[in-house]
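Engineer: Handing you this structure, nothing more for now.
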Amino acid sequence: MLFFASSVLLAAAVSARPSQMITRQDLGGLKINAANRIIPVVVGGAQDTFVPNTVTAAVGDIIQFQFSNGNHTVTQSAQDTPCQPLQVTDATAIHSGHIPYEDGQTTVGTFNMPVTNADTMFLYCATGPHCQEGQVMIVNPTDDQQIVDYAKGAASSGSSVDGTTVVGGTVASIPLEAAAFVPAAAEEAPPAAEAPAAGESSAASSSTAAATDATSAASPTAATSAAASSAETTSAAATEAATTTAAAADTTVLAGSAITLPLAGTITTTITVPAATAAATPAA
């Protein structure tokens, strides 16, 4: 129900504007009796709505639709077929055509619709999904519930259909300062990403290249160092194995030989290995 609340607020602002802001000269050649009114209705803007979304008008009044931000239409439908143009069955049904408003415009497009009878009139915007999103209004509603029911029907309709011919009013324009609205603020584009300075880019490239060269240069040296270390380890292992083998050979002595064993903290001791004796022959 957000669009109803916003419609009420903006309607109050519209009705509070001085009546002299909209003059007879702003009606695109239409004539109006002094006793009749010019009733402004804002179409579009920050939200896709009609503001106000209900109007009570007398025969001879002129409803001036003022088109704010976006691209919108004022198109008449039947009560039970919202978002579908009544022009399909009634060639005199209202349709304004599409009237855009772009940021920076100094004039506002209008559709000036004379009220020719006091019958209830159902209107919608035929642009995209605007009708389904709540951009609907009623002229001379029978009660307050009627706009609620019409909006519900629009929300559940499958799609919007455009009118075919501009009928029922005059397309014109008024100065922006005479409009009953202030245009929505233009959206700011996000800032563009800054490119790196030339010096920074070159320095980064040089640093990367230097790091690559250093890695390439270090690789063969590291390989050579590893190979040398492996060779030294292998040589030491071979030497130790040879020494161990020699020591084992030195401990093998023949019977009857004498060997000298130095014992730490003692005097040198000479041991004589007795000669082998013949084994005794067992008795028969």
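My numbering numbers the first residue of the sequence shown as 979 and each following residue consecutively. Glycine included, every Cβ here is placed at the ideal spot set by N, Cα and C.
1. Are residue 1090 and residue 1042 closer than 9 Å when you measure CB to CB?
2. Got a sec, what are the start and stop residues for the alpha helix (DSSP H) residue 1131 sits in?
3. Under DSSP, the beta strand (DSSP E) around residue 1050 begins and ends at which residues?
4. Which residue marks the beginning of the beta strand (DSSP E) containing residue 1114, and which one marks its end?
5. Out of 1076, 1098, 1130, 1161, point me to the one whose CA is closest to residue 1142's CA.
6. Could you pull the start and end residues of the beta strand (DSSP E) that residue 1043 belongs to?
7. Using 10 angstroms around the beta-carbon of residue 1034, count the other beta-carbons present and answer buried if the total reaches 16, otherwise exposed.
8. Assign residue 1095 to buried or exposed, taking buried as 16 or more other Cβ atoms, counted over all protein chains shown, within 10 Å of its Cβ.
9. In whole angstroms, give me the CA-to-CA distance for residue 1146 and residue 1051.
10. Check the DSSP bridge columns for residue 1024 and list the partner residues they point to.
11. Of the residues 1019, 1009, 1010, 1011, which one's Cα is nearest the Cα of residue 1117?
12. Leaving out five residues on either side along the sequence, give the residues of the same chain with a beta carbon under 8 Å from the beta carbon of residue 1098.
13. Which same chain residues, not among the five before or five after residue 1136, have their C-beta less than 7 Å away from its C-beta?
14. For residue 1046 versus residue 1144, is the C-beta spacing smaller than 9 Å?
15. Apply the 10 Å Cβ neighbour rule to residue 1228 and answer buried if 16 or more other Cβ atoms are within range, or exposed otherwise.
16. Closest to residue 1017 by C-alpha separation, out of 1093, 1132, 1130, 1139, would be which residue?
17. Between which residues of its own chain and residue 1157 is the CB-CB distance below 6 Å, once the five residues before and five after are set aside?
18. Within the continuous beta strand (DSSP E) that includes residue 1012, where are the two ends?
19. So what does residue 1078 bridge to, in DSSP terms?
20. Could you check what DSSP says for residue 1019 in three-state terms: helix, strand or coil?
Structural biologist: Short version:
1. Yes, these two residues count as a Cβ contact at 9 Å.
2. Residue 1131 -> alpha helix (DSSP H) spans 1123-1133.
3. Where residue 1050 is concerned, the enclosing beta strand (DSSP E) stretches over 1048-1050.
4. Segment 1114-1117, the beta strand (DSSP E) holding residue 1114.
5. The candidate whose alpha carbon is nearest that of residue 1142 is 1076.
6. Residue 1043 -> beta strand (DSSP E) spans 1040-1045.
7. Using a 10 angstroms sphere on the CB of residue 1034, the tally of other CB atoms stays under 16, which defines it as exposed.
8. Classification of residue 1095: exposed, given that the 10 Å Cβ count is below 16.
9. The straight-line gap separating the alpha-carbon atoms of residue 1146 and residue 1051 is approximately 13 Å.
10. Answer by DSSP bridge pairing: none, since residue 1024 is not bridged.
11. Looking at the Cα atoms, 1019 is the closest of the given residues.
12. Cβ neighbours of residue 1098 within its own chain (closer than 8 Å, five residues either side excluded): 1057, 1116, 1117, 1118, 1119, 1120, 1124.
13. Nothing meets the Cβ criterion.
14. Annotated as distal: residue 1046 and residue 1144, with beta-carbon spacing of 9 Å or more.
15. In this prediction, residue 1228 has a pLDDT of 49, which is less than 50 and means its spatial position is unreliable; nothing more can be read from the coordinates.
16. Of the candidates 1093, 1132, 1130, 1139, the one whose C-alpha sits nearest the C-alpha of residue 1017 is 1093.
17. If you ignore the 5 residues before and after residue 1157, its C-beta comes within less than 6 Å of the C-beta of 1044, 1086, all in its own chain and listed in chain order.
18. Segment: none, residue 1012 is in no beta strand (DSSP E) and carries neither H nor E.
19. Listed as beta-bridge partners of residue 1078 by DSSP are 1049.
20. Three-state DSSP puts residue 1019 in a strand.
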